[in-house]
Structure formats: structure tokens, C-alpha cells
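Protein chains: 2
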Amino acid sequence: MELTEKLVQLDALQKKLYAFTCAESSLYLDSVTVAPKNTAEGRGVALSILAGEHQKLLTAPETKALLDELAAEQDKLDPLHKREVELLRRECEKMTRIPAEEYMAYTELTNRASDVWHKAKENNDFASFCPILQELVDYNRKFAVYYDAEKAPYDALLNEYERGVDSKQLDAFFDTLREGIVPLIRAIGEKPQIDDSFLHLEYPADRQKAFADYLMEVMGIDRSHCGLGETEHPFTLEFNNKDVRITTNYDLHNVASSMYSVLHEGGHALYELGIRDDLQYTCLTGGVSMGVHESQSCFYENLIGRSRAFVGVIYPKVQEFFPEQLGHVTAEQFYRAINKVEPSLIRTESDELTYCLHIMVRYEIEKQLIAGTLQAKNVPAAWAKLYQEYLGVEVPNDREGCLQDSHWSGGSFGYFPSYALGNAYGAQMLHNMEQEFDVFGQVARGSLSGVTGWLREHVHQYGQLLEPAAIVKNACGEFDPHYYLDYLTRKYTELYNL
Amino acid sequence: MELTEKLVQLDALQKKLYAFTCAESSLYLDSVTVAPKNTAEGRGVALSILAGEHQKLLTAPETKALLDELAAEQDKLDPLHKREVELLRRECEKMTRIPAEEYMAYTELTNRASDVWHKAKENNDFASFCPILQELVDYNRKFAVYYDAEKAPYDALLNEYERGVDSKQLDAFFDTLREGIVPLIRAIGEKPQIDDSFLHLEYPADRQKAFADYLMEVMGIDRSHCGLGETEHPFTLEFNNKDVRITTNYDLHNVASSMYSVLHEGGHALYELGIRDDLQYTCLTGGVSMGVHESQSCFYENLIGRSRAFVGVIYPKVQEFFPEQLGHVTAEQFYRAINKVEPSLIRTESDELTYCLHIMVRYEIEKQLIAGTLQAKNVPAAWAKLYQEYLGVEVPNDREGCLQDSHWSGGSFGYFPSYALGNAYGAQMLHNMEQEFDVFGQVARGSLSGVTGWLREHVHQYGQLLEPAAIVKNACGEFDPHYYLDYLTRKYTELYNL
Chain A
1 MELTEKLVQL DALQKKLYAF TCAESSLYLD SVTVAPKNTA EGRGVALSIL
51 AGEHQKLLTA PETKALLDEL AAEQDKLDPL HKREVELLRR ECEKMTRIPA
101 EEYMAYTELT NRASDVWHKA KENNDFASFC PILQELVDYN RKFAVYYDAE
151 KAPYDALLNE YERGVDSKQL DAFFDTLREG IVPLIRAIGE KPQIDDSFLH
201 LEYPADRQKA FADYLMEVMG IDRSHCGLGE TEHPFTLEFN NKDVRITTNY
251 DLHNVASSMY SVLHEGGHAL YELGIRDDLQ YTCLTGGVSM GVHESQSCFY
301 ENLIGRSRAF VGVIYPKVQE FFPEQLGHVT AEQFYRAINK VEPSLIRTES
351 DELTYCLHIM VRYEIEKQLI AGTLQAKNVP AAWAKLYQEY LGVEVPNDRE
401 GCLQDSHWSG GSFGYFPSYA LGNAYGAQML HNMEQEFDVF GQVARGSLSG
451 VTGWLREHVH QYGQLLEPAA IVKNACGEFD PHYYLDYLTR KYTELYNL
Chain B
1 MELTEKLVQL DALQKKLYAF TCAESSLYLD SVTVAPKNTA EGRGVALSIL
51 AGEHQKLLTA PETKALLDEL AAEQDKLDPL HKREVELLRR ECEKMTRIPA
101 EEYMAYTELT NRASDVWHKA KENNDFASFC PILQELVDYN RKFAVYYDAE
151 KAPYDALLNE YERGVDSKQL DAFFDTLREG IVPLIRAIGE KPQIDDSFLH
201 LEYPADRQKA FADYLMEVMG IDRSHCGLGE TEHPFTLEFN NKDVRITTNY
251 DLHNVASSMY SVLHEGGHAL YELGIRDDLQ YTCLTGGVSM GVHESQSCFY
301 ENLIGRSRAF VGVIYPKVQE FFPEQLGHVT AEQFYRAINK VEPSLIRTES
351 DELTYCLHIM VRYEIEKQLI AGTLQAKNVP AAWAKLYQEY LGVEVPNDRE
401 GCLQDSHWSG GSFGYFPSYA LGNAYGAQML HNMEQEFDVF GQVARGSLSG
451 VTGWLREHVH QYGQLLEPAA IVKNACGEFD PHYYLDYLTR KYTELYNL
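Line order of the protein sequences matches chains A and B.
Take the first sequence: its position 94, counted from the start at 1, is 94 in our numbering, and no numbers get skipped.
Take the second sequence: its position 79, counted from the start at 1, is 79 in our numbering, and no numbers get skipped.
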């Protein structure tokens with residue numbers, strides 16, 4: 001077979017893989033947005049078959065042969081095809097190590113688990129979720145070996161979300177953060193509390209919806225290519241760089257909740273929308289890693305969204321949306337309120353400073369679950385202990401404790417650390433960006449196009465063309481968590497007059 | 001291979017086909033409900049690949065071999081497997097005659113056409129839809145030959161929606177209806193008009209939504225297995241008998257529009273929800289034909305929903321939903337208003353009596369399009385002429401004319417007649433049902449369980465276990481359109497005092 005013909009086959013293979021991903025994403029999106037309550041069973045049957053066919057296609061002997069032949073001729077390939085072959089081979093080899101029936105059973109399990117978790121959270125009933133959580137852990141321990149038998153299981157899982165990162169690095173990373181953050185929090189605890197009561201008045205859902213539309217407009221998100229939906233747990237889902245969906249959740253007594261969800265998910269969306277056209281329908285599209293993805297969402301949520309410049313420029317409009325609630329509140333008061341530091345229970349509603357401590361709790365627990373040194377049934381106790389230790393708060397129930405997040409029910413172990421990494425990458429990107437132009441000067445004038453343009457140029461466009469570490473280096477220089485710690489220290493020292 | 005092993009393969013094949021159908025349905029549902037505007041392209045790529053894979057699976061040599069071997073042993077098969085083999089072979093043989101690339105191109109075309117039609121309707125711009133309409137017609141003319149080369153093309157298409165029905169029968173059927181209905185309409189035209197102005201006051205969407213929920217409750221639809229969404233054109237979509245979705249459209253100045261859409265789509269939903277569990281994930285689930293499906297939706301929409309007994313029993317509740325608009329309107333006035341006969345432009349909003357004339361217009365045009373005696377570009381003129389001739393109304397623009405329905409843009413030619421057939425089947429079923437119990441006595445007491453139970457027993461449960469004609473015979477006896485005509489004549493003679 002001629003090389004050109006092989007490349008035609010490679011393109012066709014990737015389009016098929018794309019079609020399966022679309023199908024699975026669409027069924028997933030439906031399941032968490034509009035699907036009636038008791039419909040998980042039939043969807044589970046479909047999803048497990050689609051996942052099985054998807055895997056079968058990726059691991060078929062013809063696929064392997066094609067990829068091997070192309071790899072043998074890699075010097076003749078253009079950079080895109082070369083990289084496609086590299087990533088597909090890696091994926092194909094990995095999936096080949098997972099027995100098809102185990103993979104299908106696991107897909108079916110995660111679909112079912114999501115349903116069980118929803119109900120358990122609703123009823124504050126950890127016992128009903130516990131057996132399936134243990135099952136998910138057991139599968140992940142087994143899959144970790146398929147992913148990379150040479151790594152410790154948790155490292156193998158981490159590598160799925162942030163290639164190249166291991167728990168040794170993360171231990172050091174989190175130690176650095178903890179050592180810097182904990183004294184800050186302690187010092188803040190001795191200062192007078194910021195009044196944020198006006199954030200918790202009644203904010204009608206329809207006004208919050210209109211406000212969410214406005215925020216997406218400010219971010220420059222093209223709504224004809226990006227939908228906004230409503231789910232319990234906000235997320236971003238991409239079909240391709242012309243079709244991205246984000247979701248939010250309207251808390252009637254917390255205007256900041258949806259506001260910062262939209263800025264966060266909007267940041268993910270801008271990443272996906274900014275990937276090059278010529279990477280579409282190939283394995284090179286999509287954000288490169290969870291950590292890099294989070295760096296983009298946190299950039300808009302925290303570095304920009306919680307800055308004085310941003311709050312200042314949008315605040316007159318915020319008051320227009322909520323004149324009764326915010327008419328008498330100044331921009332500075334609002335800025336201080338949305339940056340109020342307060343150790344609390346819910347990760348997604350926590351402030352920027354304590355956020356990483358929430359992640360550390362999950363990191364510690366995951367690590368032990370996957371190592372087999374902690375059983376699912378002991379998670380609530382471990383959770384309570386760590387929240388007490390890191391944040392100094394008492395966990396009153398599992399709904400506000402270990403049942404709060406959807407990640408584990410979706411089978412994601414090793415995902416959480418990427419949130420913290422993302423924050424740290426983002427702060428370092430901001431540092432570099434500020435060397436090039438007056439970031440907050442532009443933001444204060446209401447323009448985010450400079451920021452988005454810089455991120456598109458340094459991060460978004462590449463998709464998976466480069467490795468995560470290369471993209472981080474490209475945008476940050478050599479990674480160093482002190483940029484993040486410096487940013488936090490500077491910001492909160494000023495805010496709390498420490 | 002042992003027979004039992006072959007049957008395992010048969011079940012697996014059908015589950016895979018089910019999974020592909022789910023995937024395609026989910027992407028379709030998304031496209032008409034929440035997908036952002038400019039996202040058709042990427043979805044089209046995915047859908048055409050999935051349709052291609054779906055077809056490839058159905059027409060694979062191994063599939064054909066399996067089905068042939070099972071057919072050879074059909075005497076040893078239980079009735080379900082025997083029927084499954086019969087239907088799958090028929091489908092496999094048909095699909096084998098359609099070249100894969102044509103099928104994929106057609107799938108991509110219908111996805112694109114739907115988008116073009118939406119915009120054309122919005123802008124009242126037939127010219128922008130015309131070329132793609134002609135393309136759809138040309139594909140259908142070609143596909144008709146693949147479906148059944150021995151039939152005239154339009155008959156082959158009809159057969160896809162209502163197996164066993166041809167245009168000769170339909171010509172006679174429509175002639176009978178026209179001869180009976182036209183004089184009735186003429187006589188009504190000479191009577192004083194019914195006042196239905198109160199139906200067109202302002203009815204807020206949120207109240208209409210709550211009313212729609214109430215109607216589904218009255219119908220006994222289990223909402224944990226049936227969702228209600230919002231689309232421009234209401235429809236029903238089933239994933240399986242535990243997961244059905246219906247949609248409606250809230251017209252702020254027409255309370256009857258969503259009310260009767262919900263009753264109509266709710267009828268479809270009850271059919272799908274009533275199919276036997278043991279037919280799930282096989283080719284035997286799903287309604288047996290479009291005509292039989294419409295018989296169920298029209299049953300709830302018209303025969304029940306527009307009856308004096310039904311209106312009477314729900315009316316106090318209707319007034320509670322809309323006290324300002326209907327507080328001073330009596331149940332009898334409401335009953336008369338929702339049965340007001342008035343030749344008009346929009347099929348989905350037309351009354352029960354003129355409805356079939358709307359269908360006849362589309363039937364005549366489709367027949368000529370597929371015969372090649374009418375070109376797409378001449379559709380608006382033909383539409384105007386037939387609306388004048390059959391209904392005596394002037395068509396002011398294409399948006400309210402030939403652009404009103406989504407069917408052709410979805411590639412459905414030969415579908416429309418099933419609406420009329422369904423109405424006629426339904427009336428005959430009602431006649432039979434009334435021999436067995438006091439239908440409207442029960443309805444007047446607010447109970448639809450007798451009706452739904454009868455329909456479930458005679459129609460729903462079977463899915464596609466029997467041929468459409470057998471189900472019609474089962475529920476109606478020998479089909480005779482005079483039952484329908486008698487029902488209409490009786491009802492409207494009384495209502496209008498003819």
C-alpha cells in the first residue's frame with residue numbers, strides 16, 4: 001500500500017474514533033441534563049456497547065498494523081501525521097492491554113455509579129454508594145497496571161490526567177503550597193471577617209441566567225458555537241472546536257456560585273474553541289491535559305475573574321442585573337466579598353486561597369484508596385479527619401463531605417491534583433504575560449482579547465500537538481509553584497492588610 | 001456452530017444495532033433541543049459515520065450469513081427469534097441494495113438540510129431551501145428503487161412508513177374522505193362562527209409548562225421514564241420502553257397549541273412505553289408503523305382529548321391554571337372553541353375536520369415530486385393552488401406554506417399519509433373499544449386507564465411482533481374508513497347543528 005493511501009486510512013480511522021466519542025459524549029450530556037430519572041439502564045447498555053466498539057476499533061489488528069507501518073515510515077510524515085501516529089500508537093497499546101470485556105463492564109459500571117452517586121448525595125446516604133465506590137477503586141487499581149505496569153498504580157493514574165507528573169513531585173508541590181498557605185490562612189483568621197452577606201440574598205434564577213449570558217459575552221465566547229446548560233455539577237464538554245457546551249448551576253442564595261462557574265467553564269470553552277481547525281477530527285484536538293485545561297479555566301475564574309480590575313469594569317453592569325441586591329454595595333465591597341477567605345466544606349464554593357487544601361484532602365484519600373491502604377467504607381472518617389486537620393472544619397454529613405464531587409463516581413481517580421496544578425500553571429502564565437503587556441490595564445478597560453489572544457497563541461491552538469510539559473514550558477518557562485504562592489501571598493496580604 | 005450460539009450472536013447483533021440507534025437519536029435530540037446554532041457541520045460528520053457503521057454492521061457478510069443460517073432453521077426458533085430473523089433479513093437485504101457511500105452521503109445531506117430548512121423557514125426564504133429539497137427528492141427517487149424495484153417509487157416509499165399500503169389504496173381512501181368532509185365543511189361555513197378568541201389571549205409559558213406537566217399526569221405517563229422538552233416542531237423519540245422523550249412548543253397566544261401537542265405526543269409516548277420488556281434491545285421494539293403510531297397519538301389528541309367528556313372533567317383544573325384567561329369561560333364554550341372548524345394554513349394547528357385536507361395537499365405534491373412530474377422549484381405554486389382548491393385559503397408566504405413542516409427536510413417522503421390513516425384507524429379502534437366498555441363514561445370520571453389498558457392490550461405491547469396490517473386488524477377488525485367519516489359526521493353535525 002502506498003503511503004498516501006495509508007494516510008487516507010489514518011484520517012478515516014480518526015474520524016471514526018471522533019464519531020464514537022461524539023456519540024458517547026452526546027449520551028452523557030443527555031444523561032446529566034434532560035434525561036428522565038429512571039433511564040440509566042438502557043443508556044448503560046448502549047454506552048457499554050459503544051465503548052466496546054470504540055475500543056475494538058482502536059485495538060483492531062488492522063489498526064495496529066497500519067500504525068506500525070506508518071511509524072516505520074515516520075521520517076516521511078508531516079508533523080501532524082507523525083504526532084497522530086505517536087499518540088494513537090500509545091493509546092492503542094494501552095487499550096490493547098485492557099481486556100475488552102473488562103472495559104465494557106467498567107463503562108457500564110461508571111454509568112450506573114453516576115446514578116447511584118446522585119441518589120446517595122440527594123439522600124445523604126454514603127452506605128448506598130460505598131460498595132460501588134469500592135468497585136470503582138478496584139477497577140482503577142487493576143486498570144492502573146494496564147496503563148503502565150512499571151509505575152506505582154496511583155502514578156499510572158495520575159499520568160492519564162497529567163502526563164509526566166508523579167506523586168513524588170506532587171507531594172513536594174503540595175508541601176510547598178501548604179507551607180505557604182497555612183500561615184496565610186492563620187493570619188487571616190486573626191483579622192476582622194469580610195462582610196459578604198449581600199452575596200447571599202435572593203438572586204432569582206432568570207436574572208442569574210441573563211447575567212451568565214452577559215459574562216459569556218464579556219469573555220468573547222461565540223454563542224453560536226458554545227451552549228450554556230444547567231446541571232448539578234458544572235462542566236465543559238467539547239464535540240469539536242466549533243461545538244462546545246458548558247453548564248452551570250444557579251444557587252438562588254449565592255450569586256457568586258454561577259458567576260464563577262461560568263467564568264471557570266468559559267475558560268475551558270475558550271481553550272477548546274481556540275484549537276486549530278486542522279487538528280479537528282483527529283486525535284490531536286482537545287485540551288492536552290487536565291492540568292493545562294484547569295490552568296485556562298482558573299485563569300478566567302481567579303486570576304482575571306477575581307481581580308480588582310475585572311470586578312471594577314463589570315460591576316456597574318452587575319448592579320444593573322441585581323439593583324435591589326447590590327444597589328448599595330460598592331465595587332470594592334463586592335471585590336472583597338468574592339475574595340473572602342473562609343475555611344469551608346464545599347470545594348466548588350471555596351475561596352481561591354483555601355481551594356488547594358480541598359484538593360489535598362482528596363489527593364491524600366485517592367492515593368490511599370489506590371494503594372489499597374484505605375477502604376471505601378473508611379472514606380467518610382478519613383475525609384472528616386483531613387478536613388479538620390487541613391481546614392479546621394467539622395464535616396457535619398457526607399453530602400457536604402465525601403459525596404460532594406462527581407469525579408470518583410465517574411471513575412476519575414488522579415484527576416483532582418490537576419486542579420491545583422492548573423492554578424499554579426495559570427499564575428506562572430500570568431507572570432509571563434505581564435512581561436509582555438499591561439494585562440490588568442487592558443482588563444480594567446473591559447477588554448479580554450489581549451489575554452485570550454496570548455493564551456490562544458501559547459496554549460489553545462496546539463491542542464495535543466505538543467506534550468503537556470512542553471506546553472507548560474512554552475507558556476510558563478520552567479514550572480515553579482512559587483509564582484502561584486507569590487501571587488496568593490501578594491493578593492491576600494494586601495486584601496487583609498497582613 | 002450450535003443453534004444456541006447463533007442465537008447469542010443474534011442477540012448481540014441486535015444490541016449493537018440498538019446502541020447505534022441510541023447514538024444517532026441522542027445526537028439528533030441534541031441538535032433540535034439545545035445544540036448551538038452553528039454546530040451542524042461537526043455533528044454531520046459524526047452522524048454520517050455512525051450511520052455508515054450502522055449500515056455496515058447490518059449488511060456485513062457475517063450478518064447475512066448468520067441470518068440466512070437462522071432462517072434455514074426457522075422451524076426450531078421460538079416466535080420472537082423467528083420474527084427477529086424475518087425482520088432483520090428484510091432490512092439487511094434492503095440496506096445491502098443501498099451503496100454505503102450513497103447512504104452516508106444521504107445521512108450527511110439530511111443533517112445539513114434540517115439546518116438549511118430551519119433558516120429558510122425563519123427567513124421565509126424558499127429559494128435557499130429549494131436546491132437541497134430537490135436533492136432530497138432525487139435521493140428518495142433513487143432509494144425507492146433500492147427499497148423495492150418492483151413498486152412505483154412513491155409506493156416503495158409509502159411502504160417504508162406503512163407496509164402494505166400503496167397509492168391506489170390511498171387515492172381511494174382520500175377520495176372517500178374528501179367526498180364526506182368537503183360537504184360538511186361547506187355546511188359549517190354557512191353556520192355562525194364559534195368564538196374561540198379566549199384561546200388566543202396571552203398564556204404565559206411557565207403556566208403552560210405546568211399545564212403540560214398536569215396533562216401528562218392525567219394521561220398516566222410515568223415521568224421518570226418520559227421527558228418533556230421544547231422544540232419548534234413537537235415530536236416523540238424513544239430510546240427504549242423505559243426512556244421516551246416528547247417535546248412541545250409553547251405558543252404564548254394559543255393555549256390549545258401546546259395542550260394538543262402534549263396529548264398527541266403523549267399518545268405516541270404511551271405506545272412506546274407500553275411495548276413488552278422482552279422485545280427491548282431487539283428489532284421488535286418500537287411502534288410497528290407510522291400509521292399505527294399516529295392512531296395512538298390521534299386517539300389521545302382528538303378522540304379523547306377533543307371529546308366533551310374529557311374537556312368536561314379536566315376543565316376545572318384548566319381554569320385553575322389560567323384563571324384570568326378562562327375564569328368566565330364555561331366548559332362547553334371551551335369544548336366548542338377547541339373544536340372550531342376553520343380552513344386555515346398550518347397543519348399542526350388545524351382542526352380535526354380539515355386536518356385530512358392538509359394531508360391530501362402534501363400527498364398530492366409528494367406523489368408528483370417522486371414521480372418526477374413536479375420540480376422542487378414549483379412546490380410553492382402547487383402548494384398555493386391545492387390550498388385554494390381543497391381548503392379555500394390563500395397562502396400568503398412560504399413560511400406558512402410549504403416551509404411549515406420539517407418532514408421533507410428530514411428526508412421523509414411518504415410519511416404524511418400515515419397521519420390520515422392513523423386518524424382513521426383510531427376512530428375504528430374507538431368503535432370497537434366502545435363495544436367492550438363505556439369509554440366516555442370512564443373518561444368523564446377522569447380515568448384514562450381503561451383506554452390505555454385496551455390500547456396496550458390490542459396495540460402497544462406487540463411492538464413489531466406482528467405486521468401493521470395484523471395489528472390494525474387485531475384492534476379494528478377489517479379496516480374501513482367509514483368509521484372515521486361516521487365519527488366526524490356525527491360529531492360535527494351535533495356541534496354545528498347541521
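Ideal Cβ positions, reconstructed from N, Cα and C, are used throughout, including at glycine.
Query raised in the report: Is it buried or exposed for A381 of chain A, if we count other Cβ within 10 angstroms and need 16 for buried?
Result: Position 381 of the first sequence, counting from 1, holds the residue named residue 381 of chain A. Counting Cβ neighbours within 10 Å, A381 of chain A comes out exposed, since fewer than 16 surround it.
Query - Contacts that L16 of chain A makes with chain B (C-beta to C-beta distance below 8 Å) - result: Position 16 of the first sequence, counted from the start, is the residue given in the question as residue 16 of chain A. One detail in the question is off: residue 16 of chain A reads as Lys in this sequence, not Leu. Neighbours of K16 of chain A on chain B, chain order: I49, E53.
Report task. Could you tell me which uninterrupted alpha helix (DSSP H) segments, each at least 4 residues in length, are contained entirely in the stretch 237-291 of chain A, listed from first to last along the chain? Result -> 255-273
**Report entry** Contact under 7 Å by Cβ, L136 of chain A with G372 of chain A
**Finding:** On the first sequence, position 136 is the one that residue 136 of chain A refers to. On the first sequence, position 372 is the one that residue 372 of chain A refers to. No, the pair does not count as a contact, with Cβ atoms beyond the cut-off.
Report task. Go ahead and pull the three-state DSSP assignment for G229 of chain B. Result -> As a first step, residue 229 of chain B must be located in the second sequence, where it is residue number 229. Three-state result, G229 of chain B: strand.
Query raised in the report: Pairing CB atoms from the stretch 389-396 of chain B with CB atoms from the stretch 100-119 of chain B, are three or more of them under 8 Å?
Result: no
Query raised in the report: Quick one: which chain E residues come within Cβ less than 8 Å of P481 of chain B?
Result: Although the question refers to chain E, the structure presented lacks it and instead comprises the protein chains A and B.
Requested in this report: Please go through the stretch 16-62 of chain B and give each complete alpha helix (DSSP H) segment of 4 or more residues, from N-terminal end onward.
Outcome: 40-59
**Report entry** Within chain B, partners of H118 of chain A - CB distance below 7 Å
**Finding:** Residue mapping note: residue 118 of chain A aligns to position 118 of the first sequence, counting from 1. Neighbours of H118 of chain A on chain B: none; closest Cβ ~13 Å, over 7 Å.
Requested in this report: Tell me whether the beta-carbon of S25 of chain A lies closer than 7 Å to the beta-carbon of L237 of chain A.
Outcome: Taking the first residue of the first sequence as 1, we reach residue 25 of chain A at position 25. Taking the first residue of the first sequence as 1, we reach residue 237 of chain A at position 237. Result yes, Cβ atoms of S25 of chain A and L237 of chain A sit closer than 7 Å.
Query raised in the report: Roughly how many whole angstroms lie between the Cα atoms of Y260 of chain B and E41 of chain B?
Result: In the second sequence, counting from the first residue as 1, residue 260 of chain B sits at position 260. In the second sequence, counting from the first residue as 1, residue 41 of chain B sits at position 41. Rounded to the nearest angstrom, the two C-alpha atoms are 34 Å apart.
Requested in this report: Kindly confirm or deny that the stretch 243-253 of chain A and the stretch 30-44 of chain B touch, where touching means at least three C-beta pairs closer than 8 Å.
Outcome: yes
Requested in this report: Using beta-carbon positions only, say whether R83 of chain A and L455 of chain A come within less than 7 Å of one another.
Outcome: Numbered from 1 along the first sequence, position 83 holds the residue referred to as residue 83 of chain A. Numbered from 1 along the first sequence, position 455 holds the residue referred to as residue 455 of chain A. No, these two residues do not count as a Cβ contact at 7 Å.
Query raised in the report: What does Y103 of chain B reach in chain A if we use C-beta pairs closer than 8 Å?
Result: Your numbering for residue 103 of chain B matches position 103 in the second sequence. Neighbours of Y103 of chain B on chain A: none; closest Cβ ~15 Å, over 8 Å.
Requested in this report: Determine the contact status of D398 of chain B and N124 of chain B, defining contact as a CB-CB distance below 7 Å.
Outcome: What you label residue 398 of chain B is simply residue 398 of the second sequence in a count that begins at 1. What you label residue 124 of chain B is simply residue 124 of the second sequence in a count that begins at 1. It is a contact, given that the beta carbons lie within the stated cut-off.
Requested in this report: Whole angstroms is fine: what's the gap from Y271 of chain A's alpha carbon to T247 of chain A's?
Outcome: For the purposes of this step, residue 271 of chain A is taken as residue 271 along the first sequence, with counting starting at 1. For the purposes of this step, residue 247 of chain A is taken as residue 247 along the first sequence, with counting starting at 1. About 16 Å.
Query - Identity of the residue in A:Y147, A:K121, A:E160 nearest L403 of chain A by Cα - result: Here the question's residue 403 of chain A lines up with position 403 in the first sequence. The shortest C-alpha separation from L403 of chain A is found at A:K121.
Report task. Give the DSSP-derived three-state secondary structure of D125 of chain B in the structure shown. Result -> Along the second sequence, read from residue 1 onward, the residue named residue 125 of chain B stands at position 125. Looking at D125 of chain B - three-state DSSP - the assignment turns out to be coil, as it is neither helix nor strand.
Query raised in the report: Which runs of the alpha helix (DSSP H) fall wholly inside the stretch 119-188 of chain B and span at least 4 residues, in chain order?
Result: 126-147, 153-161
Report task. State yes or no: is the beta carbon of C22 of chain A nearer than 7 Å to at least one beta carbon in chain B? Result -> Taking the first sequence and counting its residues from 1, the one referred to as residue 22 of chain A is at position 22. Yes - at least one Cβ of chain B is within 7 Å of the one on C22 of chain A.
Query raised in the report: In this structure, does DSSP put S550 of chain B in helix, strand or coil?
Result: As displayed, chain B neither begins before 1 nor continues past 498, which places residue 550 of chain B out of reach and without an answer.
Query raised in the report: Where does the unbroken alpha helix (DSSP H) through F440 of chain A begin, and where does it stop?
Result: For this step, residue 440 of chain A is matched to residue 440 along the first sequence. F440 of chain A -> alpha helix (DSSP H) spans 439-444.
Query raised in the report: Using a Cβ-Cβ distance under 7 Å, would G266 of chain A count as near chain B?
Result: Looking up residue 266 of chain A in the first sequence gives position 266. By this cut-off, G266 of chain A is not an interface position.
Query - Candidates B:L357, B:Q368, B:G463: closest to A152 of chain B by CA position - result: Position 152 of the second sequence, counted from the first residue, corresponds to residue 152 of chain B. Looking at the Cα atoms, B:Q368 is the closest of the given residues.
Query raised in the report: In the structure shown, what three-state DSSP assignment does C499 of chain B receive?
Result: No statement about residue 499 of chain B is possible, as the shown extent of chain B runs from 1 to 498 and does not include it.
Query raised in the report: Under the rule that 16 or more other beta-carbon atoms within 10 Å means buried, what is V443 of chain B, buried or exposed?
Result: Against the second sequence, residue 443 of chain B aligns to sequence position 443. V443 of chain B is buried by the Cβ-count criterion.
Requested in this report: Could you tell me whether the Cβ atoms of Y281 of chain A and Y18 of chain A are closer together than 7 Å?
Outcome: Reading the first sequence from its first residue, position 281 is the one you call residue 281 of chain A. Reading the first sequence from its first residue, position 18 is the one you call residue 18 of chain A. Yes. Within cutoff.
Requested in this report: Excluding the 5 residues preceding and the 5 following R336 of chain A in the sequence, name in chain order all residues of the same chain whose CB lies nearer than 6 Å to its CB.
Outcome: Taking the first sequence and counting its residues from 1, one reaches residue 336 of chain A at position 336. Taken in chain order, the residues that qualify are I194.
Requested in this report: Return yes when the Cβ of G414 of chain A is within less than 7 Å of the Cβ of L201 of chain A, no when it is not.
Outcome: Numbered from 1 along the first sequence, position 201 holds the residue referred to as residue 201 of chain A. Numbered from 1 along the first sequence, position 414 holds the residue referred to as residue 414 of chain A. No. Outside cutoff.
Requested in this report: From the DSSP output, in three-state form, read off V329 of chain B for me.
Outcome: Counting from 1 along the second sequence, the entry for residue 329 of chain B is found at position 329. The answer is coil: DSSP assigns V329 of chain B none of H, G, I, E or B.
Query - Within-7 Å CB hit, D243 of chain B to chain A - result: The sequence position of residue 243 of chain B within the second sequence is 243, counting from 1. Closer than 7 Å: yes.
Report task. Answer with yes or no whether the minimum CB distance from L27 of chain B to chain A is below 7 Å. Result -> Residue mapping note: residue 27 of chain B aligns to position 27 of the second sequence, counting from 1. L27 of chain B counts as touching chain A.
Query - Sequence-distant residues of the same chain with beta carbon closer than 8 Å to L80 of chain B, five excluded per side - result: Reading the second sequence from its first residue, position 80 is the one you call residue 80 of chain B. The residues are D278, L279, T282, L284, L465.
Query raised in the report: Taking the alpha helix (DSSP H) that R223 of chain B falls in, what are its first and last residues?
Result: As a working note, residue 223 of chain B is residue 223 in the second sequence. Note, R223 of chain B: premise wrong, no alpha helix (DSSP H); not H, not E.
Query - CA-to-CA distance, L353 of chain A to K317 of chain A, given in whole angstroms - result: The residue you call residue 317 of chain A lines up with position 317 of the first sequence. The residue you call residue 353 of chain A lines up with position 353 of the first sequence. Using only the alpha carbons, I get a separation of about 27 Å.
Query raised in the report: Assuming L66 of chain A contacts L10 of chain A under a Cβ cut-off of 8 Å, what Cβ separation, rounded to an integer in Å, is found between them?
Result: The count along the first sequence starts at 1 and reaches residue 66 of chain A at position 66. The count along the first sequence starts at 1 and reaches residue 10 of chain A at position 10. Indeed, because the Cβ distance is near 7 Å, the residues count as touching under 8 Å.
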